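Peer 1: In the working numbering, the protein residues as written are 48 to 341.
By construction, the Cβ of each residue, glycine as well, lies at the ideal position given by its N, Cα and C atoms.
Quantities reported herein were computed from a predicted structural model and do not represent experimental measurements.
The structure is given below, and queries will be raised subsequently.
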């Protein structure tokens, strides 16, 4: 692909499209008998588009400082490496700074094609820089605390709670039977007052399950809030940092500060450098993702 020619065509086309929209808005305002409200709306629409750029891939309006089009889900900055953020001339097939191919990297774990340093589908680091960033993040005390909570949630989700009174009574009967058998065996060995160690059952009631689940969820939300992505200047760095901060093994989504939209990850956000945070998606969550890892 001739990245430089594509970038030049995009720039010229964008300016021509902006001018046409502004001319159309002016013509409409001067020659039609529409109401003042309609004229105002037309002028505001023209201003918003004039203040934006157009996606070189699909032509949709997008903010000037965005590097990703949420309409066609493509990275659009021909002069910036999507993996490391280095400046490019536009025609390179590989980034001279990080050496990664501009056409994308196929994830070896899930076979998803990616334009960014972390896989948008499974979160695997795909570049050497991403792997090193993840290792640095794992050393942070706040990340370790967050991951420990995530592991407790994973363990709890494997527990099948007792939902009926019959199950509770059956569990108590098994516990009493165990204590009686061990007591008899101890007395057979000559122990007069045997002490039977209490066995912590892995079965818990539905009420206990919900209490533990809610407590862990609150702890995780506090940890995620503390680890939220602060606004940065570079969208590539913000995207990579946020992906590295994602705790493993949980169903999460990323809520951006740009639109307060819920994305599957910052890889689907046009302006991740404005910050955001990971949020919990339960198994029965109705939260709607604005992207689908596509």
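Per DSSP, which one or two residues make a beta bridge with residue 327?
Peer 2: Residue 327 sits at position 280 when you count from the first residue of the chain shown. Answer by DSSP bridge pairing, in chain order: 299.
Peer 1: Helix, strand or coil: how does DSSP classify residue 274 here?
Peer 2: To locate residue 274, count along the chain shown from 1; it is residue 227. DSSP places residue 274 in coil when its eight states are reduced to three.
Peer 1: For residue 273, tell me which candidate among 289, 309 and 173 has the shortest Cα-Cα distance.
Peer 2: Within the chain shown, numbered from 1, the residue matching residue 273 stands at position 226. The option with the nearest alpha carbon to residue 273 is 289.
Peer 1: Near residue 298, which residues of its chain fall below 6 Å by C-beta distance, leaving aside the five closest residues on each side in sequence?
Peer 2: Here residue 298 is taken as the residue at index 251 of the chain shown, counted from 1. Hits under 6 Å: 328.
Peer 1: Which residue marks the beginning of the beta strand (DSSP E) containing residue 108, and which one marks its end?
Peer 2: Here residue 108 refers to the residue found at position 61 when the chain shown is read from its first residue. That run of the beta strand (DSSP E) goes 108-110.
Peer 1: Within a Cβ cutoff of 6 Å, which residues of the same chain sit near residue 130, ignoring the five residues on either side of it in sequence?
Peer 2: Counting from one through the chain shown, the residue named residue 130 turns up at place 83. For residue 130, where only same-chain residues beyond five positions count, the Cβ hits under 6 Å are 145, 147, 164 and 174.
Peer 1: Quick one: grab the DSSP three-state call for residue 121.
Peer 2: The count along the chain shown starts at 1 and reaches residue 121 at position 74. Correct three-state label for residue 121: strand.
Peer 1: With DSSP collapsed to three states, give me the class of residue 97.
Peer 2: Within the chain shown, numbered from 1, the residue matching residue 97 stands at position 50. Summary for residue 97: the model assigns pLDDT 48, below 50, so the residue's position carries little reliability, and this model does not support an answer.
Peer 1: Can you tell me whether residue 115 is helix, strand or coil according to DSSP?
Peer 2: The residue you call residue 115 lines up with position 68 of the chain shown. Strand, per DSSP.
Peer 1: Near residue 203, what residues of its chain come up, given a Cβ to Cβ distance below 7 Å and the 5 sequence neighbours on each side ignored?
Peer 2: Within the chain shown, numbered from 1, the residue matching residue 203 stands at position 156. Cβ within range, chain order: 259, 260 and 263.
Peer 1: In terms of DSSP beta bridges, what is residue 153 paired with?
Peer 2: As a first step, residue 153 must be located in the chain shown, where it is residue number 106. Its beta-bridge partners are 160.
Peer 1: Roughly how many whole angstroms lie between the Cα atoms of residue 285 and residue 171?
Peer 2: Translated into the one-based positions of the chain shown, residue 285 becomes position 238. Translated into the one-based positions of the chain shown, residue 171 becomes position 124. Answer to the nearest angstrom: the Cα atoms are 16 Å apart.
Peer 1: Alpha carbon to alpha carbon, what distance is there between residue 231 and residue 194?
Peer 2: Position 147 of the chain shown, counted from the start, is the residue given in the question as residue 194. Position 184 of the chain shown, counted from the start, is the residue given in the question as residue 231. Approximately 45 Å between the Cα atoms of the pair.
Peer 1: Starting from residue 201, trace the alpha helix (DSSP H) in both directions and tell me its first and last residue.
Peer 2: For the purposes of this step, residue 201 is identified with residue 154 of the chain shown, where counting begins at 1. Residues 188-204.
Peer 1: With 16 as the cutoff for other CB atoms within 10 Å, does residue 167 come out buried or exposed?
Peer 2: Here residue 167 is taken as the residue at index 120 of the chain shown, counted from 1. Label assigned to residue 167: buried.
Peer 1: With a threshold of 8 Å on Cβ separation, who are the neighbours of residue 95 within its own chain once the five nearest residues in sequence on each side are excluded?
Peer 2: For this step, residue 95 is matched to residue 48 along the chain shown. Low confidence applies here, because residue 95 scores a pLDDT of 48, under 50, leaving its location unreliable and the question unanswered by this model.
Peer 1: What residues match up with residue 141 in a beta bridge as DSSP calls it?
Peer 2: Here the question's residue 141 lines up with position 94 in the chain shown. DSSP lists 148 as partners of residue 141.
Peer 1: Would you check if the distance between the CB atom of residue 292 and the CB atom of residue 184 is smaller than 8 Å?
Peer 2: Taking the first residue of the chain shown as 1, we reach residue 292 at position 245. Taking the first residue of the chain shown as 1, we reach residue 184 at position 137. Yes, these two residues count as a Cβ contact at 8 Å.
Peer 1: In the structure shown, what three-state DSSP assignment does residue 103 receive?
Peer 2: Residue numbering aside, residue 103 sits at position 56 when the chain shown is read from its first letter. Residue state, collapsed to three classes: coil.
Peer 1: With a threshold of 6 Å on Cβ separation, who are the neighbours of residue 141 within its own chain once the five nearest residues in sequence on each side are excluded?
Peer 2: For this step, residue 141 is matched to residue 94 along the chain shown. The answer, listed in chain order, is 148.
Peer 1: Mind checking who residue 165 pairs with in its DSSP beta bridge?
Peer 2: Reading the chain shown from its first residue, position 118 is the one you call residue 165. 172.
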